[in-house]
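2 protein chains.
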Amino acid sequence: MNLTVRVVDEWMAAFDAALDHRDIDQVLDLFEPEGFWRDLAAFTWNFHTAEGRVAIRAMLADCLDATAPNSWAVSQALETSNGVYQAVLTFETKVARCSAVLRLRDGRCWTLMTAMSELKGFEETVGARRPNGAPLRYEQGRRNWKSGRDREKAQLGISTQPYCVIIGAGQAGLSLGARLKQLNVPTLIIDKVDRPSDTWRQRYAALSLHSPVWYDHMPYLPFPETWPRFASKDQIADWLDAYATIMDLGIWTGAQCIGSHYDEAAGEWRLSVTREGRPFELRPKQLVFAGGFWDAPSTPQIKGQDRFQGRQFHVANLKDVDSCNGLRSIVIGAGTSGHDVSAQLWEAGSEVTMIQRSPTIVMRMDSILPGVEIFNTDAPGPKLPTELADLLAASIPNRLMAQFQAPFVAAIKAKDEAFYEDLHKAGFLYDFGDDGGGFFARGTQDPSGFYLDVGTSELIIDGRIAVRSGVSVDAIRERSVILSDGGELPADLIVYATGYRKLAALSNVLSDDIICKIGPVGGVGSGIRGDQGPWAGENRNIWKPTKQPGLWLHNGNFGLMRFFSRLLALQIKARHVELPMRVYGLS
Amino acid sequence: MNLTVRVVDEWMAAFDAALDHRDIDQVLDLFEPEGFWRDLAAFTWNFHTAEGRVAIRAMLADCLDATAPNSWAVSQALETSNGVYQAVLTFETKVARCSAVLRLRDGRCWTLMTAMSELKGFEETVGARRPNGAPLRYEQGRRNWKSGRDREKAQLGISTQPYCVIIGAGQAGLSLGARLKQLNVPTLIIDKVDRPSDTWRQRYAALSLHSPVWYDHMPYLPFPETWPRFASKDQIADWLDAYATIMDLGIWTGAQCIGSHYDEAAGEWRLSVTREGRPFELRPKQLVFAGGFWDAPSTPQIKGQDRFQGRQFHVANLKDVDSCNGLRSIVIGAGTSGHDVSAQLWEAGSEVTMIQRSPTIVMRMDSILPGVEIFNTDAPGPKLPTELADLLAASIPNRLMAQFQAPFVAAIKAKDEAFYEDLHKAGFLYDFGDDGGGFFARGTQDPSGFYLDVGTSELIIDGRIAVRSGVSVDAIRERSVILSDGGELPADLIVYATGYRKLAALSNVLSDDIICKIGPVGGVGSGIRGDQGPWAGENRNIWKPTKQPGLWLHNGNFGLMRFFSRLLALQIKARHVELPMRVYGLS
């Protein structure tokens, strides 16, 4: 470790000096020619990965003076492997305290990630900065906590305007709301459901998180050590209700935004909202979409569909299947919900056939967990703080994701060879994605086409769930489906596990002009399925400024949202207090 | 630190050998003649402090063979001060893993505290032992988490009997319920309120915790870093509701136990419970009272009381005092609620006079916090885990409490000299308790007669709240009160902040025979006010076996309950799985 500190220290001193002298050539000389600098709002007020010296030069030429980075220090040296020295650094800019993750090879920087951690003078009111609560000084006319809060809640959106409105009170909206509350940004979360948890409660019974509890912590309130490793949907629902209460968030439930107009002159939104039948206008400066991005059930049109005499529905509408003993079910789709629902139907006594058109990325849960092992606080031995694990996870440039995952994927292929052979024998098609990166390279871009196995693959292998693969359903008859290979399967129940279309909520609220202006949402432009090019390097329009002032999108799995909710909240706070800033690369 | 380890190691090796050879003389020789051994259910299946060699001999003669302690190890050496070497140890018994805190002076043990940590084979299902949640193996007929839970809750107390019933769903009942849940002890909590939080919501508006957040953590779910230092009553109420949900406890609200019978032959209780008007019989083996012990508002009989023409009520019934501009209020009592209520009335515009019959222990909040500094996770620098701080706090024998506190109290007297002088000038009577130990020696025995100042003292000092001290109210007239010194004060409102009587709830449920059999509850028998002798050394009948089989009492502030809830839960679990045990010292 001492060697790492020495190597890193030496590089950092040179880097610091070069930055200090605004000597960009010297900075570039400290990077590999193809080195990466991923910046998360520390230099660019944007998320931007500069790939190679030319891009880094362009970024620094634009941002270095205004950023004025200083006070670089090694916060933690990390394990060295394959000649790569890694360390976590801290530094400051004119306005912020920041973190960095550095990877050095042969004395030069291979990857650098810089990220804003907190705004000076606008720190979160947590820990040693927490509010006092009970007064240490009484004042006449003071209200106690509850009357103060009740009044504030009654006024917010009515006689006072929130600075920020978040649409969606699920885990995305709540996590961002909690961050903004700690930064004293007046925020109102609105959602059409009656409780923050209802979106989860209404889903199919077998649904549970497919990521382990220690990866899923929300900001400020980690799941307790009593929490199950993979929580069921209703436990998550209970948690979200409790989270909203404990974080004391301002939420309008039963409220729907039905239209918007951005007032350029005033720099604020006019949102048309109905709340329990009554119309309101909200006028926030900032508007965040924090609903699920894949929000519109997508059901294919199939010939004869309307003549089917059994039950048929999209998996989004599957609630309970208590009594389907002997029922012949056809599940169209072989992604996560296709697997979950097939197992749920089988458990309820149905005969199930899964229709799989194209290969699915399948990885066994126990095999994939080592891929997020840095987050595992249940493991014996010293733990990495979750905050540090988040930094490390974010430090890998998107371009290198598949490369970083490759050895891991290769190890899984070898370890689970028998499992994959069994899947193959059962007629199931699997692959590891277009780039061979498996789930980690795919899952964050497109939540379809993969399954982290928590048991359904075993049912497929054992033949308890039948699979017809490489085919699609061409037609539906009264009591059967006709496959593209000409086969016919009897059917009493058809479940469309055929995924979701993206961002229907956006078009319910925003004008077409704005939707066109901001362009594609999500994906890094890898060119693979569901992620059209050109290469963007960063998730498009998520957690970072869009081309529409005052418009933000917040989305991702629990772990991503924990980390990026802070970066988004800081960007909003910086606007709230009108810090001078120029966004780099918002072309 | 190395010296400490060496000194402790040497002593521990000798101690271990002596115990191993069952050589009690040799063990005694390792203690100071007046040394203390406090055992919390590790050796005695009781809480017992053996004071001096004779008492230690008696304890070991009875318990050593059955306990068979072994595997002693130093877990953490602590700071040495004044020649006292301190360390935390671990060891095992036949059935349990245990912790110990040791203090050595001149090579001999001054104080030893031994405490059970977990039962072998019955470990809590937390962390690496947490339940999996999502199945890794599907089974036909399996229920998802919610249907399983719903069914279990619907059956508990109806078609299945809980092993343990806890009366009281406040912080005491919930913390114990959470512990028992992790030990898989079927438990039902009952409370007459509609929500676990209602007991808190119904209290006076100015109420907040007078202990800092980092001392107040409940089991498994620490308060988040966003939580205020001293939470208001409604925040605590919100928290308790969320806690009950997150810990997924079985609770009957709107349920009252109106009588009981202990069936000696069956070794179980017959509890008569009404729940929402319907009668039920519950038959648990174990019954825990976890309500507030000081549960019956105590209002003095005063001549003329019934002729008073203003409003008068006990502070327990004070809800809001929104509109008392110019109202002349008399607050009878100068403890915590007397201070809180006086400030609340003053804030609401009332003229307030506090009637103080006898001196109050007053300590400024900021001055007293260093006394629980070992719990302070907000402080800069390395933190002691809360679990370790709990052990250290419990390691001080009750007999030595005032002695341990003396330097701290002396420092406060010196530091806050001007404050106390100002209080004196304002006519307020203060002292540091009969034993001079101040709050820490008193507060845990008797929750009256003290005030941890969060601001009311300043109002008294400034004369904004008037005090009449050394007097009581002799009589009440239509619009005034008559003091024992003959003075008369005009009055529109009288608040009785005159405390509570103990354990009314017990007598509503238990027979007089059982109440007599168990004897005094709480207090260590110090002989000071509210804690009649003889000396018991441990809190009587709390967290430990009573003379009534299957009857337990659980109470204390948040910090005490965090620690002792585990010890109580372990004792109940040991009975649940019928471990062989003999309780020592249950005379």
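Chains as they are written, first to last, in this note's numbering: chain A, 72 to 658; chain D, 72 to 658. Don't be surprised by glycine CBs; every beta carbon is placed ideally from N, CA and C.
Within the same chain, show all residues whose beta-carbon is closer than 7 Å to that of A562 (chain D), passing over the 5 residues directly before and after it, in chain order. G381, R399, I401, R550, S551 and V552
In chain order, each alpha helix (DSSP H) run of at least 4 residues that lies wholly inside the stretch 97-180 of chain D: 124-138
Sequence-distant residues of the same chain with beta carbon closer than 7 Å to L190 (chain D), five excluded per side: V166, A167, L641, K644 and A645
Considering only their Cβ atoms, is the gap separating V79 (chain A) from V145 (chain A) smaller than 8 Å? yes
Over the uninterrupted alpha helix (DSSP H) stretch that includes T316 (chain D), give me the two end residues. K304 to I317
If we ignore side chains and look at the alpha-carbon of each, how far apart do F384 (chain D) and D377 (chain D) end up? 12 Å
Step through the CB atoms of chain A and report whether any lies within less than 8 Å of the CB of K454 (chain D). no
So, under 8 Å CB-CB, T527 (chain D) and D411 (chain D) are touching, yes? Tell me the CB distance rounded to an integer number of Å. 7 Å
A277 (chain A), DSSP secondary structure in three states: coil
Measure the CB-CB distance between V423 (chain A) and I547 (chain A) and report whether it falls below 8 Å. no
Of all Cβ atoms in chain D, is any one closer than 8 Å to the Cβ of N215 (chain A)? yes
Using the three-state DSSP reduction, which class does K573 (chain D) fall into: helix, strand or coil? strand
Within chain D, partners of E420 (chain A) - CB distance below 7 Å: For the sequence presented, residue 420 (chain A) should be read as Gly rather than Glu. Within 7 Å Cβ-Cβ: Q211.
Quick one: list the residues of chain D neighbouring W417 (chain A), beta-carbon separation under 8 Å, in chain order. Y209 and Q211
With 16 other Cβ atoms within 10 Å as the buried cut-off, status of E48 (chain A): For chain A, the structure presents residues 72 to 658; residue 48 (chain A) sits outside this window and is missing.
Is it a yes or a no for the stretch 230-238 of chain A touching the stretch 198-217 of chain A, going by three-plus beta-carbon pairs under 8 Å? no
Residues near L74 (chain A) in its chain [Cβ-Cβ closer than 6 Å; skip 5 each side]: none
Looking at the structure shown, is K374 (chain A) part of a helix, part of a strand, or coil, going by DSSP? strand
Short-range partners of chain A found in the stretch 225-254 of chain D, where Cβ spacing is below 8 Å: A249, K252 and Q253
Using the three-state DSSP reduction, which class does I613 (chain A) fall into: helix, strand or coil? coil
Hey, S555 (chain D) and S540 (chain D): beta-carbon distance below 8 Å or not? no
Quick one: any contact between the stretch 580-599 of chain D and the stretch 334-341 of chain D, if contact means 3 or more CB pairs under 8 Å? no
In whole angstroms, give me the CA-to-CA distance for Y286 (chain D) and I439 (chain D). 13 Å
Taking 7 Å as the limit between beta carbons, can you name the residues of its chain near T164 (chain D), skipping five residues before and five after? A113, T138, A139 and P140
Extent of the continuous beta strand (DSSP E) to which A537 (chain A) belongs: I536 to S540
Along chain D, which residues have their Cβ under 7 Å away from the Cβ of Q306 (chain A)? W216
Just to confirm the assignment, what range does the beta strand (DSSP E) spanning V433 (chain A) have? T431 to R435
Figure out for me which residue from D:K496, D:Q253 and D:G570 has the closest Cα to the Cα of G363 (chain D). D:G570
Do you know how far the Cα of Y567 (chain A) is from the Cα of A414 (chain A)? 14 Å
Tell whether a beta-carbon distance below 8 Å holds between D265 (chain A) and T324 (chain A). yes
Nearest to E150 (chain A) by CA position, among A:G178, A:T431, A:L560 and A:V76, is which residue? A:V76
Can you pull the chain B residues whose beta carbon is under 8 Å from the beta carbon of E296 (chain A), in chain order? This model lacks chain B altogether; the protein chains it does include are A and D.
Pick from A:W143, A:G106, A:I532 and A:L111: whose alpha carbon is nearest that of R637 (chain A)? A:L111
Measure the Cβ-Cβ separation of M425 (chain A) and G406 (chain A) and say whether it is below 8 Å. no
Alpha carbons only, please: which of A:A450, A:L416 and A:R222 is nearest the one belonging to N396 (chain A)? A:L416
What residues match up with T182 (chain D) in a beta bridge as DSSP calls it? D:F107 and D:R174
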